[in-house]
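Visitor:
There are 2 protein chains.
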Amino acid sequence: MANGLKLKASDLSKQASSADVIYDALRDAIIRGEIEGGEALRQDTIAQMFRVSRIPVREAMQRLEAQGLVVSERHKGAVVASLSADQITEIFQFRALIEPIVIEMAVPLMTEETLAEAQRQCDAFAAETDPMRWGDLNRAFHRALYKDSDKPYFLSVVDKTNDLVERYVRLVLYFVQGMRHAVAEHQAILDACKARNAKLAGELTRKHIETAGETLVAYLRNQKR
Amino acid sequence: MANGLKLKASDLSKQASSADVIYDALRDAIIRGEIEGGEALRQDTIAQMFRVSRIPVREAMQRLEAQGLVVSERHKGAVVASLSADQITEIFQFRALIEPIVIEMAVPLMTEETLAEAQRQCDAFAAETDPMRWGDLNRAFHRALYKDSDKPYFLSVVDKTNDLVERYVRLVLYFVQGMRHAVAEHQAILDACKARNAKLAGELTRKHIETAGETLVAYLRNQKR
DNA sequence: GTTTGCATAATTGTATCCAATCTACAATAT
DNA sequence: ATATTGTAGATTGGATACAATTATGCAAAC
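Here the protein sequences line up with chains H and D, keeping their order. Counted the way the working numbering counts, the first sequence spans residues 5 to 229. Counted the way the working numbering counts, the second sequence spans residues 5 to 229.
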């Protein structure tokens, strides 16, 4: 897991179809903000990019739509979903409720390896100079803290929820908080985990998410004017 | 909403494609338990049932798989997902966390109309003699209590989560509790809503879900032997 | 200048056809 | 008898082709 191989879990469990590859690629591009909200996703264009027909593209789109990352209308096409400030507020409220619970369940089960891995992620995040990578490292840190919870359904919901707002989270890291703030909060959460203080880790996680959400929404509402 | 028309929201907002129709039909059949866990879903068979080619069938399947209702393997086909006792336990734990929060948010916003509608659903559930309809009415009652929360993302997560365990919930209503128990709990929750006691409504909802989950898992573990 | 109508181009939805892979069972060797 | 190989049928993954619908550009009328 810590070596240089860039294998995804799905690559190991079962051979990936074209639809899988396209789904992953589009999902990543949307999450990273490389495709903006409202931008059209033409089946033919995407098919040509991947040198395939439109069939697997459509299958990938169905999944993206089921997940809420794109919205499509019959004979009009699909566009990347864009979230209103209200929707973002609600999703951060959701995150602030569920993620503390997940980390609380994880803390008693966290291995020393996991704590070391999280510390590495935290340091890597603090040391990273390329802003394009901050989002990935931020996400990896949080995921590391949650994964020992042994609650696959909770984790899948957390992942899908984060996918929806990941683009916007990156705005906070880029422009708003400068990310120095995030690093300090990360270290505090991690320290609470190391001290096996589940309640505190949960509480700090809740604050971390609430702060990010409020900062982000304030930023977006300013941008709008 | 209370009339005899059986229109779904999607039918009104946009014209349904074959894939939409097939998705809805398969989803309902799985949720209702008409197709059992582990049962194979052959593309060709389903396509013939709907008098279409396999293309829209596959698109429907992609959505079902994204939602976790079916699992598929390349060149092997798709089967209806079946949940282990552990998975069911986790999902009920999730429900017991999120649904009380949703009802707490809904109570202050509940209209008199909604309360009346919920009372009708509750009475209809109590009066229904056809066991095949208990699941639908149970679900409709809960949905009525949640809908005024004005939290579409929370509601979508609640819905998708309930879809996963709906088949199993019906077992509780059929065999285990006889459903008399469920009716009493429903009325208690509704009374708390009428009294605008959000905390109590949430607490009763949590207990309601926890009881159902424990009863169900105990039943399943007995069945296994 | 704006609007309306229509022809044309783009785009999506689906059917049909072919390739790749798996499953089951029979034939053969050990 | 067991293990292995080979082959036929079933099943899925994907490409191509066509139909249905929507967007676009342009000319004519107001």
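Using N, Cα and C, we set each Cβ at its ideal position, and we do this for glycine too. Just so we're clear, the structure is a prediction, and the values are computed from it rather than from any experiment.
Quick one: Cα of H/ARG210 to Cα of D/ASP154, how far?
Guide: 22 Å
Visitor: What residue range is occupied by the uninterrupted alpha helix (DSSP H) comprising H/GLU69?
Guide: 58-71
Visitor: Shorter than 7 Å from the beta carbon of D/GLN66 to some beta carbon of chain H?
Guide: yes
Visitor: Mind checking D/ARG99: buried by the 16 CB within 10 Å criterion, or exposed?
Guide: buried
Visitor: Considering Cα atoms alone, identify which of H/ILE213, H/GLU108 and H/VAL187 is closest to H/VAL173.
Guide: H/ILE213
Visitor: Is any beta-carbon of chain D found at less than 7 Å from that of H/ALA70?
Guide: yes
Visitor: Only counting the same chain, and skipping five residues up and downstream in sequence, which positions put a Cβ closer than 6 Å to that of H/ALA3?
Guide: Only positions 5 to 229 of chain H appear in this structure, which leaves residue 3 of chain H out of reach.
Visitor: Hey, would you say H/ILE95 sits closer than 7 Å to D/TYR27, going by beta carbons?
Guide: no
Visitor: Mark D/LEU113 as exposed unless 16 or more other C-beta atoms lie within 10 angstroms of its C-beta, in which case mark it buried.
Guide: exposed
Visitor: Using only the alpha-carbon positions, how far apart do D/GLU57 and D/GLU121 sit?
Guide: First, the residue type needs correcting, since residue 57 of chain D is Ser and not Glu in the sequence shown. One C-alpha to the other measures close to 41 Å.
Visitor: Can you have a look at H/ALA131 and say buried or exposed, based on whether 16 or more other CB atoms are within 10 angstroms of its CB?
Guide: exposed
Visitor: Along chain H, in chain order, which residues have C-beta atoms closer than 7 Å to that of D/LEU101?
Guide: ILE105
Visitor: Do D/ALA3 and D/VAL111 have their C-beta atoms within less than 7 Å of each other?
Guide: Since the displayed chain D opens at 5 and closes at 229, residue 3 of chain D lies outside it and no answer follows.
Visitor: Is H/LEU208 near H/ALA196, with beta carbons less than 7 Å apart?
Guide: The answer is yes: Cβ separation under 7 Å.
Visitor: Scan the region 108-193 of chain H and note each continuous beta strand (DSSP E) run of 3 residues or more that stays entirely inside, going in chain order.
Guide: none
Visitor: Drop a sphere of 10 angstroms on the beta-carbon of H/GLU218, count the other beta-carbons inside from all chains shown, and report buried for 16 or more, exposed for fewer.
Guide: exposed
Visitor: DSSP has D/LEU230 in a bridge; who is on the other side?
Guide: No answer is possible for residue 230 of chain D: it lies beyond the span of chain D, which begins at 5 and ends at 229.
Visitor: Judging by CA-CA distance, which residue of D/VAL176, D/MET136 and D/ASP24 is the nearest neighbour of D/PHE54?
Guide: D/ASP24
Visitor: Rounded to the nearest angstrom, what separates D/GLU170 and D/GLY139 at their Cα positions?
Guide: 8 Å
Visitor: Tell me the DSSP secondary structure of H/SER88 in three-state form.
Guide: coil
Visitor: Whose C-alpha, out of H/ASP48, H/LYS80 and H/SER160, is nearest the C-alpha of D/SER21?
Guide: H/LYS80
Visitor: Strictly under 7 Å for the Cβ-Cβ distance: is H/LEU11 near chain D by that measure?
Guide: Here the model assigns H/LEU11 a pLDDT of 30, short of 50, so the residue's position is not dependable and the matter cannot be decided.
Visitor: Measuring straight from C-alpha to C-alpha, what distance separates H/GLN97 and H/LEU168?
Guide: 13 Å
Visitor: So, is D/ALA199 buried or exposed, given that buried needs 16 or more other C-beta atoms within 10 angstroms?
Guide: exposed
Visitor: Starting from D/SER76 and walking both ways along the beta strand (DSSP E), at which residues does that stretch end?
Guide: 74-77
Visitor: How far does the alpha helix (DSSP H) with H/ALA33 in it reach, from first residue to last?
Guide: 22-35
Visitor: Within 10 angstroms of the Cβ of D/ASP152, are there 16 or more other Cβ atoms? Answer buried if so, exposed if not.
Guide: buried
Visitor: In this structure, does DSSP put D/ILE39 in helix, strand or coil?
Guide: Assignment of D/ILE39 by DSSP, reduced to helix, strand and coil, places it in the coil class.
Visitor: Hey, is D/GLY42's beta-carbon within less than 7 Å of any beta-carbon in chain H?
Guide: Taking a beta-carbon distance threshold of 7 Å, D/GLY42 does not count as an interface residue toward chain H.
Visitor: With H, G and I counted as helix, E and B as strand and the rest as coil, what does DSSP make of D/ASP15?
Guide: Its pLDDT being 41, under 50, D/ASP15 is placed unreliably in this model, and the coordinates cannot settle the point.
Visitor: Helix, strand or coil: how does DSSP classify H/ARG55 here?
Guide: coil
Visitor: Can you tell me the Cα-Cα spacing of D/ARG137 and H/ALA51, whole angstroms?
Guide: Taking the straight line from one Cα to the other gives about 45 Å.
Visitor: Using three-state DSSP, classify D/ALA100 as helix, strand or coil.
Guide: helix
Visitor: Should H/VAL84 and H/GLU38 be called a contact, given that it needs their Cβ atoms to be closer than 7 Å?
Guide: no
Visitor: Taking C-beta pairs closer than 7 Å, name the residues in chain D that H/VAL111 reaches, listed in chain order.
Guide: Residues of chain D with a Cβ closer than 7 Å to the Cβ of H/VAL111 do not exist; the shortest Cβ-Cβ separation is about 17 Å.
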